[in-house]
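**Q** Numbering (this note's numbering), first residue to last: 96 to 304. Every residue, glycine too, gets a C-beta built ideally from N, C-alpha and C. Below is one structure. I have some questions about it.
Structure representation (structure tokens):
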């Protein structure tokens, strides 16, 4: 498509006139603000709890509000609706109210019976956190995974249970920071170099005289 050669090759991004973003973390704020730059008529964030329970940083929420993002708080999406041709026509939404705190310490959202309605839109972005690819174990059965589905590695080399295969970042740690992912990448790069040049990713033992 030539997107790497922008602006010489302009790759159009298709977006609807009403974009709905599901979620309330930093990724949801980033998704909504990015969607706003595609110049739709409206961008709406759907979140099943209230503003005080939103996990996004305060400045992220503030910037989204400044940019005109519409917030539908205490609204939970139930179903993405299509127009019969495979295109989004809206989201079926249910109103919520806050009950007692749950295990996370945040007040638990409780559905308001009979309050569901259709919110018309033509694009939906789901920004509800991250989880490992559940197909990894089928694609590579010899890859050892944790109970959470993350890849288990040798922490000194980032080598997996498959010789010559390395992993790092969120797929190993779960959702974490870019800095940790970069550190894992540097560690893995050195181990890869050793593996290619010596056949082993493990550092050679230093002799002590």
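By a C-beta neighbour count over all protein chains shown, 10 Å radius and 16 as the cutoff for buried, is residue 216 buried or exposed?
**A** buried
**Q** Return the residue from the list 203, 133, 282, 181 that minimises the CA-CA distance to residue 191.
**A** 203
**Q** For residue 282, which three-state DSSP category applies?
**A** Three-state DSSP puts residue 282 in a helix.
**Q** Using DSSP bridges, identify the partner residues of residue 170.
**A** 190
**Q** Apart from the five residues on each side of it in sequence, which residues of its chain come closer than 6 Å, Cβ to Cβ, to residue 185?
**A** 176, 213, 214, 215, 216
**Q** Where does residue 109 sit, in a helix, a strand or coil, going by DSSP?
**A** Coil, per DSSP.
**Q** Taking C-beta to C-beta, are residue 299 and residue 286 nearer than 8 Å?
**A** no
**Q** Where do the N-terminal and C-terminal ends of the alpha helix (DSSP H) with residue 122 fall, by residue?
**A** 121-131
**Q** With 16 other CB atoms within 10 Å as the buried threshold, where does residue 189 fall?
**A** buried
**Q** Here's the rule I'm using: 16 or more other beta-carbon atoms within 10 Å means buried, otherwise exposed. How should residue 277 be labelled?
**A** exposed
**Q** To the nearest angstrom, report how far apart residue 194 and residue 149 are at their CA atoms.
**A** 16 Å
**Q** Excluding the 5 residues preceding and the 5 following residue 241 in the sequence, name in chain order all residues of the same chain whose CB lies nearer than 6 Å to its CB.
**A** 247
**Q** Ends of the beta strand (DSSP E) at residue 268?
**A** Taken as a continuous stretch (DSSP letters only), residue 268 belongs to no beta strand (DSSP E), being part of the alpha helix (DSSP H) at 265-268.
**Q** Would you kindly work out how many angstroms separate the C-alpha atoms of residue 69 and residue 243, rounded to a whole number?
**A** The structure shown has nothing for residue 69, since the chain only spans 96 to 304.
**Q** CA-CA distance, residue 292 and residue 282?
**A** 16 Å
**Q** Given that a residue counts as buried once 16 or more other Cβ atoms are within 10 Å of its Cβ, and exposed if not, what is residue 205?
**A** exposed
**Q** Can you name, in chain order, every residue of its own chain whose Cβ lies under 6 Å from the Cβ of residue 196, other than the five neighbours on each side?
**A** 202
**Q** Straight-line CA distance for residue 143 to residue 170?
**A** 5 Å
**Q** Relative to the C-alpha of residue 183, which residue among 256, 268, 263, 112 is closest?
**A** Minimum Cα distance to residue 183 is reached at 112.
**Q** Can you find the residues in the same chain that come closer than 7 Å, C-beta to C-beta, to residue 210, ignoring five residues on each side of it along the sequence?
**A** Cβ neighbours of residue 210 beyond the five flanking positions: 189, 190.
**Q** Among residues of its own chain, excluding the 5 on either side of residue 223, which ones have a beta-carbon nearer than 7 Å to its beta-carbon?
**A** 117, 118
**Q** Excluding the 5 residues preceding and the 5 following residue 127 in the sequence, name in chain order all residues of the same chain whose CB lies nearer than 7 Å to its CB.
**A** Taken in chain order, the residues that qualify are 116, 138, 140, 159, 164.
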